[in-house]
Ligand SMILES: [Zn+2]
């Protein structure tokens, strides 16, 4: 089987050559960073005033970390490393706290980003002959424009549908025989239920691939999407601080996400001690940009949790692979002192055929104790009419969750379609516990 | 044998009338209805004039609904009428899972509905004892 590839010289580059390239790019990035007031100060604090002070790639560990808070503080131009005239685009993100952050791009930066996205698209086997419907938000959200530019560079026919308006999405898919879509996993599940409402069966569509990202999801969710539509779904990883989509992507083998190491230095650290994790252990992803002149970022703490996949991918790419994102270090819920990740709960629910795709995790305070409530919807087609099987089901879900998360939740069964569905990033956790 | 419609329903205001609304819109008459409460949800069981149409209409509206056979037996509306029926079941160790009844003509006769593990076997047994097991069409003609 021949492996589809966009840039073989870089994607199959020997590790030694790749690391030499990384060191040269790191020095260049530090030189760019030194043009910003923020990094001049930060790097002076660790005694670094010249890029040539970096003797080897390992010296990246002597550089200071950059956090989201740093980006907020530096807003709007404390991290701008070029003259404004050289910048051709910016993306801001408001975040949940309301304090914005901004990333600037030069024409060259956009060009590099587009190259990375093109590699990702081609790695999944998509080609110039595909019709690509981009169902993610355009505008400030990087998922829209990022994939759009990459898909155009590959030569696909791009439908810039943006997010939402499900009825129109279905109409576009039918009218233009869309073969590839980009969306969040929760939106694809929503789209599938909406198809039934429009009286459209999946075999009437020409869909063959989906790029899914922008929210953590389980392997079961991916397989469910693949089964529901009869397609292959490829994981995408990106974040606006690292351009957006195009950071890491699955190839046709779907064995983890190749992270483009000519464009980023990847580290996995323990979020508490900030020390590097042993190879293969789960930790926080930390990345340094290597090809972004307008807003270089050193050792940016993503808050995303993952681990490195060991061994080589059958595709032959030398760029290492991240496992699917396990959640955000901020998403972690602490329930009576036990750490619980919402993704663990989703994993369990997706393995139980009698419950539907929607669920809600609710945290309450009862006296001095936390109470974890997991609300699920029953799957209408498997309802037998017998209340005893429902009580058994509720008990079975509770037991499966307890053995996975070590907390026994109160499980509730609800009518199909009664739990809230959001069309973008799914909001599955409601914390009703009073703040201190 | 008669059929009853079971519907899964959230235990919160406004859900039962959503069910009865669907039935009204299709011109379906409700003979009897019970609701078993299971904390966060309930299961409503309905004896209606057209169970298959009711089942289809509810499913189309997104409800989790199921059709199940139910034993509907005509009994005399007098002291001991129900007791005689239950004695027959007890003798053969037939376990009643769920049951409800309604009077058709006061002082004359009533209908007793019940779910058992093996409804076909129970129906044969009751018929052998001279009791009348009603079909859907007969239930409808009662009124
Ligand atoms: Zn690969």
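Protein chains in written order, with my numbering: chain R, 518 to 953; chain D, 1020 to 1162. Where a beta carbon is used, it is the ideal one built from N, C-alpha and C, also for glycine.
Same chain, Cβ closer than 6 Å to residue 871/R, five either side skipped, listed in chain order:
Position 354 of the first chain, counting from 1, holds the residue named residue 871/R. Result list for residue 871/R: 896, 899, 910, in chain order.
Residue 581/R in three-state terms, based on DSSP
As a first step, residue 581/R must be located in the first chain, where it is residue number 64. Coil.
Below 7 Å on C-beta distance, what does residue 1119/D contact in chain R?
As a working note, residue 1119/D is residue 100 in the second chain. In chain order: nothing, as chain R lies at least about 14 Å away.
Which runs of the alpha helix (DSSP H) at least 4 residues long sit entirely within the region 822 to 905 of chain R? Give them in chain order.
859 to 867
Just to make sure I have the definition right: I need the residues of chain R whose C-beta is within less than 8 Å of the C-beta of residue 1029/D. Which are they?
On the second chain, position 10 is the one that residue 1029/D refers to. Per Cβ cutoff of 8 Å: 931, 932, 935.
Cβ of residue 714/R within 7 Å of any chain D Cβ
Reading the first chain from its first residue, position 197 is the one you call residue 714/R. No - not a single Cβ of chain D is within 7 Å of the one on residue 714/R.
I'd like the ranges of any alpha helix (DSSP H) spanning at least 4 consecutive residues and lying wholly in the region 585 to 635 of chain R.
585 to 591
Closer than 6 Å between the C-beta and any heavy atom of ligand 1: which residues qualify, listed along the chain?
768/R, 770/R, 775/R, 830/R, 832/R, 834/R
Identity of the residue in 1027/D, 1022/D, 1142/D nearest residue 906/R by Cα
Here residue 906/R refers to the residue found at position 389 of the first chain. Cα-wise, what sits closest to residue 906/R is 1027/D.
Residue closest to residue 587/R, alpha-carbon to alpha-carbon, out of 542/R, 559/R, 549/R
Here residue 587/R corresponds to residue number 70 of the first chain, with the count starting at 1. Cα-wise, what sits closest to residue 587/R is 559/R.
Range covered by the alpha helix (DSSP H) that runs through residue 1107/D:
Walking along the second chain from the start, residue 1107/D turns up at place 88. It spans 1100 to 1110 - the alpha helix (DSSP H) in which residue 1107/D sits, taken as one unbroken run.
If you follow the alpha helix (DSSP H) that residue 1036/D is part of, which residue opens it and which one closes it?
Within the second chain, the letter at position 17 stands for residue 1036/D. Run containing residue 1036/D: 1035 to 1044, per the alpha helix (DSSP H) assignment.
Residue 599/R and residue 607/R - do their beta-carbons sit closer together than 7 Å?
As a position in the first chain, residue 607/R is number 90, starting the count at 1. As a position in the first chain, residue 599/R is number 82, starting the count at 1. No. Outside cutoff.
By Cβ distance, which residues of its chain are closer than 7 Å to residue 925/R, with the 5 residues on each side in sequence left out?
The residue given as residue 925/R occupies position 408 in the first chain. Answer for residue 925/R: 915, 919, listed in chain order.
How far does the alpha helix (DSSP H) with residue 726/R in it extend, from its first residue to its last?
To locate residue 726/R, count along the first chain from 1; it is residue 209. It is not in any alpha helix (DSSP H) - residue 726/R instead sits in the beta strand (DSSP E) that spans 726 to 729.
In the region 537 to 566 of chain R, which residues sit with their C-beta less than 8 Å from some C-beta in chain D, listed in chain order?
none
Interface residues of chain R around residue 1159/D at Cβ under 9 Å?
Within the second chain, numbered from 1, the residue matching residue 1159/D stands at position 140. Near residue 1159/D there are no residues of chain R at all, since even the closest Cβ is about 21 Å away, more than 9 Å.
Residue ranges of each alpha helix (DSSP H) within the region 734 to 814 of chain R, 4 or longer:
736 to 746
Return helix, strand or coil for residue 566/R, following the three-state DSSP convention.
Here residue 566/R refers to the residue found at position 49 of the first chain. If DSSP states are grouped into helix, strand and coil, residue 566/R belongs with coil.
To be precise: take each residue of the region 1042 to 1068 of chain D, compare its Cβ to all Cβ atoms of chain R, and keep it if any distance is under 7 Å. Which residues remain?
1055, 1057, 1059, 1060, 1062
Measuring only the C-alpha atoms, how far is residue 756/R from residue 729/R?
Locating residue 756/R in the first chain gives position 239, where the first residue counts as 1. Locating residue 729/R in the first chain gives position 212, where the first residue counts as 1. Their Cα atoms are separated by approximately 13 Å.
Under 8 Å from the C-beta of residue 1081/D: neighbouring residues of chain R:
As a working note, residue 1081/D is residue 62 in the second chain. Residues of chain R passing the Cβ test: 897, 932, 933, 934.
Are at least three pairs of beta-carbons, each pair with one atom in the region 756 to 765 of chain R and one in the region 813 to 820 of chain R, less than 8 Å apart?
yes
Whole angstroms is fine: what's the gap from residue 826/R's alpha carbon to residue 1038/D's?
Reading the first chain from its first residue, position 309 is the one you call residue 826/R. Reading the second chain from its first residue, position 19 is the one you call residue 1038/D. Whole-angstrom Cα-Cα distance: 51 Å.
Distance between residue 1101/D and residue 944/R (C-alpha atoms, nearest Å):
Stepping through the first chain from its first residue, residue 944/R is reached at position 427. Stepping through the second chain from its first residue, residue 1101/D is reached at position 82. Looking at the two C-alpha atoms, the distance is approximately 53 Å.
Starting from residue 1022/D, trace the beta strand (DSSP E) both ways and give me its first and last residue.
Walking along the second chain from the start, residue 1022/D turns up at place 3. Looking at the DSSP string, the run of the beta strand (DSSP E) that includes residue 1022/D is 1021 to 1029.
In or out: residue 1021/D buried (at least 16 other Cβ within 10 Å) or exposed?
Residue mapping note: residue 1021/D aligns to position 2 of the second chain, counting from 1. Classification for residue 1021/D: buried.
CB of residue 696/R to nearest heavy atom of ligand 3: below 6 Å?
Absence of ligand 3 from the depicted structure is noted, with ligand 1 being the only ligands included.
Can you tell me where the alpha helix (DSSP H) holding residue 1061/D begins and where it ends?
In the second chain, the residue the question calls residue 1061/D occupies position 42. Here residue 1061/D belongs to no alpha helix (DSSP H); instead the beta strand (DSSP E) covers 1060 to 1067.
Cα separation between residue 781/R and residue 633/R?
Within the first chain, residue 781/R is the residue found at index 264, counting from 1. Within the first chain, residue 633/R is the residue found at index 116, counting from 1. Cα to Cα, the separation comes out at about 11 Å.
Contact set between residue 1078/D and chain R, taken where Cβ atoms lie within less than 8 Å:
The count along the second chain starts at 1 and reaches residue 1078/D at position 59. Correct list: 897.
So, helix, strand or coil for residue 1053/D, using DSSP?
Within the second chain, numbered from 1, the residue matching residue 1053/D stands at position 34. Three-state DSSP puts residue 1053/D in a strand.
Between the region 899 to 923 of chain R and chain D, which residues of the former have a C-beta closer than 7 Å to a C-beta of the latter?
900, 901, 902, 904, 907, 908
Could you work out which residues of chain R lie near residue 1085/D, taking near to mean beta carbons separated by less than 9 Å?
Numbered from its first residue, the second chain carries residue 1085/D at position 66. 900, 901, 902, 903, listed in chain order.
Give me the DSSP bridge partner(s) of residue 1131/D.
Position 112 of the second chain, counted from the first residue, corresponds to residue 1131/D. BP columns for residue 1131/D point to 1092/D, 1120/D.
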